[in-house]
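Note that the protein sequences, when read in sequence, are chains A and B. No gaps in the numbering here: position 61 of the first sequence is 61 in the numbering used here, and each next residue is one more. No gaps in the numbering here: position 53 of the second sequence is 1053 in the numbering used here, and each next residue is one more. Beneath this line is the structure, given in structure tokens, with notes to follow.
There are 2 protein chains.
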Amino acid sequence: MDINLLKTFLAVAGTGSFSAAAQEIHCVQSNVTARIRRLEQHLGKAVFERGRGGARLTDFGSRLHAHAEDLVARFEAAERDLLDAAGTSAPLKLGAMETTAAVRLPALLKSLKRKHPGAPLSLRTGPTAELLSLIWERKLDTAFVAAPVDEDRFRHKLAFHEDLMVVRSSESQSDQSLLAFRSGCSYRARGENWLASEGHSDTEIVEMGTLEGILGCVEAGMGFAVAPESAARKFHGISGLTLTPLPAPYGDVEVHLVWRIDHKPAQVHVTLCELLQTR
Amino acid sequence: MDINLLKTFLAVAGTGSFSAAAQEIHCVQSNVTARIRRLEQHLGKAVFERGRGGARLTDFGSRLHAHAEDLVARFEAAERDLLDAAGTSAPLKLGAMETTAAVRLPALLKSLKRKHPGAPLSLRTGPTAELLSLIWERKLDTAFVAAPVDEDRFRHKLAFHEDLMVVRSSESQSDQSLLAFRSGCSYRARGENWLASEGHSDTEIVEMGTLEGILGCVEAGMGFAVAPESAARKFHGISGLTLTPLPAPYGDVEVHLVWRIDHKPAQVHVTLCELLQTR
DNA sequence: GTTTATTATCACTATTAGTGATATATGGAT
DNA sequence: ATCCATATATCACTAATAGTGATAATAAAC
């Protein structure tokens, strides 16, 4: 049995809800349902009463709760001790695309710090092409970039799926500038390819350095932008932005964690890879 | 992480060898290798020094060993407490083919008893057809029988693969009697089908009740028999028996654990299913 | 240098876990 | 009552992982 089941169980018990637990542990709700069911199947008795307001522990569930808290705590203590003893070594030089850094990394790095409290870590953002160069020059250990990557030179592991969206001001007219990151950004390349395929080869491109800047300008009616849905939503808020999916095949992007094929991953790096498994 | 990894680790540490550990925990050796590697990958450091005489704990491995013993013990204690609290309930009425009972069940039931020390359990042996009838009449909860089973009436879970062998006396001549269990035995049916396909429709069939009896008579030169390799080997020992595989498609048998489609499995039953996963 | 006992690797398959869309259920407003 | 908001369950699909059995590699002992 996997201790992940117990961690999921504790998350549900703690939040009092399957869906809240799913958010807390960064996975989809159906996943929590499945894990709790596995746990219940294994033990042969229900641990939660489900109802309107979420989930409440049954008597049997409380009994499990006592054991689970103890077991998980001891397990994590042991894990920390061992990871510590294994030697954390050098700082991990990490890179990521602007949007990934903004939306995906916070939760990820938080989990990483929980497992390697002492591990030093640096982060540099930039477009895919630049990050790959930095990795190749060994100035970064690893980075989150958009697929595909050259399999002969790099190893990689799938990290996230992003759906690219066209972001416009709600009152905007069409045929304005494309607001984008500087050249080398793969999202920008997607946008340009899409425009070309539509015959808009003359669209002006305005380069900007930050996502906030781009979205601000879009809101101000200067033009439109291409960004992952997750990132656009994060800054959506009250503002009058309209999101429409970038049509296939331009809209789907896989973000991978990438490193040099001859680079020996440090322990923090391996742990980071492990954390990517459930997202 | 799965506690199975820790159990595997303890088995290796205890026996001092990957292959011995594999036997102890009933799995193939490459499996142990893979699990230990997973563990080492997770922790980032080798836990065993491998060499001629097997495996010895590294310093780091000893550190893990201390934690692992504690964690596994606590985990199993908690599990026992919870399984106990869930209520063991009625005795499990189990059936199995003669050969399965002889060769496969001992290890399996031992593991089962470890998890449900108090669970009462009865075992009845018989050929596939008879066992299925007993299940249908609700005189058995579940049984190990040869595939295929009627999916509309039964649920099932794959338990073992068996390779059927023709067992002859080493000095025997061909065209003797087929020594077999009483009618309803699916292995016997396989043997008969094979004989028929070879044109030996006139072979005399001698019915016997036990595997030892059959193999004894084969050794005495009375005829030949059809039996799973695992069972034949168990009684092989010093005796002068020759095993040749029953040709395809007669030779491959899947043994499944089967129960009535409308039967609600008790907890012992569920645990038994879980134990089947790794064999 | 061959033998023997051991672990590692590999290609393949079976099984399991995860995903996202959608269905279902339940209490509370209106 | 009906609709709405908020839950969990289910499902078809895909990705990832673990298990298997054969074979290779390795190293000590003879």
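From the three backbone atoms N, C-alpha and C, an ideal C-beta is built for every residue, glycine too. Just so we're clear, the structure is a prediction, and the values are computed from it rather than from any experiment.
*Spell out whether any CB of chain B is found under 9 Å from the CB atom of A:GLY118.*
no
*Can you find a CB in chain A that lies within less than 9 Å of the CB of B:ASP1070?*
yes
*Give a yes or no on whether 9 Å exceeds the smallest Cβ distance from B:LYS1045 to chain A.*
yes
*Note down the Cα distance separating A:ALA34 from A:VAL47, rounded to an integer number of angstroms.*
13 Å
*Within 9 Å (strictly less), CB to CB, does A:LEU10 reach chain B?*
no
*Is the CB-CB distance between A:THR100 and A:MET165 below 9 Å?*
no
*Taking just the CA atoms, how far does A:GLY44 sit from B:LYS1234?*
36 Å
*Can you tell me where the beta strand (DSSP E) with B:PHE1224 in it begins and where it stops?*
1223-1228
*Cβ atoms of B:GLU1098 and B:CYS1027: under 9 Å apart, would you say?*
no
*Scan the region 53-99 of chain A and note each continuous beta strand (DSSP E) run of 3 residues or more that stays entirely inside, going in chain order.*
54-57 and 92-96
*Put A:LYS157 into one of helix, strand or coil per three-state DSSP.*
strand
*Closest Cα partner of B:LEU1006 within the set B:ALA1227, B:HIS1116, B:LEU1064 and B:PHE1060*: B:LEU1064
*asked:* Taking the beta carbon of A:SER133 as the centre, do at least 16 other beta carbons fall within 10 Å, making it buried, or is it exposed?
replied: exposed
*Quickly, what does DSSP pair B:LEU1123 with across the bridge? List them, please.*
B:LEU1094
*For B:HIS1067, go through chain A and note every residue whose CB falls closer than 8 Å to its CB, in chain order.*
ALA78, ASP81 and LEU82
*Does the beta-carbon of A:SER169 have 16 or more other beta-carbons within 10 angstroms, so that it is buried, or is it exposed?*
buried
*Apart from the five residues just before and just after A:LEU112, which ones in its own chain have a Cβ nearer than 8 Å to its Cβ?*
ALA119, LEU121, VAL268, THR271, LEU272 and LEU275
*Pick from A:GLU40, A:ALA129, A:TRP194 and A:ILE25: whose alpha carbon is nearest that of A:LEU246?*
A:TRP194
*Among B:THR1008, B:PHE1160 and B:ARG1037, which has the Cα closest to the Cα of B:GLN988?*
The requested residue 988 of chain B does not occur in the structure, where chain B is confined to residues 1001 to 1279.
*Identify the contact partners of B:ARG1063 in chain A, using a Cβ-Cβ distance below 9 Å as the criterion.*
ASP81, LEU82 and ALA85
*Is the shortest distance between the beta-carbon of B:ASP1002 and the beta-carbons of chain A less than 9 Å?*
yes
*Where the beta strand (DSSP E) containing B:PHE1018 begins and where it ends*: Run containing B:PHE1018: none in the beta strand (DSSP E); it sits in the alpha helix (DSSP H), 1018-1024.
*Taking A:GLY251 as the reference, which of A:ALA147, A:ALA68, A:ARG114 and A:LEU92 has the closest Cα?*
A:ALA147
*Skipping 5 residues on each side, what residues in its chain have a beta carbon closer than 8 Å to that of B:ALA1232?*
MET1165, VAL1167, LEU1215, LEU1241 and LEU1243
*How far does the alpha helix (DSSP H) with A:ARG35 in it reach, from first residue to last?*
29-43
*For my contact list, A:HIS42 and A:VAL149 are in at a C-beta cut-off of 8 Å; report their separation, rounded to the angstrom.*
About 40 Å; that fails the 8 Å criterion.
_On a Cα-Cα basis, can you pick out the residue from A:THR203, A:ALA13, A:ARG80 and A:TRP259 that is closest to A:SER139?_
Per the sequence presented here, residue 139 of chain A reads as Lys, with Ser not at that position. Of A:THR203, A:ALA13, A:ARG80 and A:TRP259, the residue nearest in Cα terms is A:TRP259.
*Under 9 Å Cβ-Cβ, which residues of chain B neighbour A:PHE48?*
Neighbours of A:PHE48 on chain B: none; closest Cβ ~15 Å, over 9 Å.
*Got a sec, what are the start and stop residues for the alpha helix (DSSP H) B:ARG1190 sits in?*
1186-1197
*Classify B:ALA1102 as buried or exposed, calling it buried when 16 or more other Cβ atoms lie within 10 Å of its own Cβ.*
buried
*Near-chain B residues of the region 132-161 of chain A (beta-carbon distance less than 7 Å), N- to C-terminal order*: none
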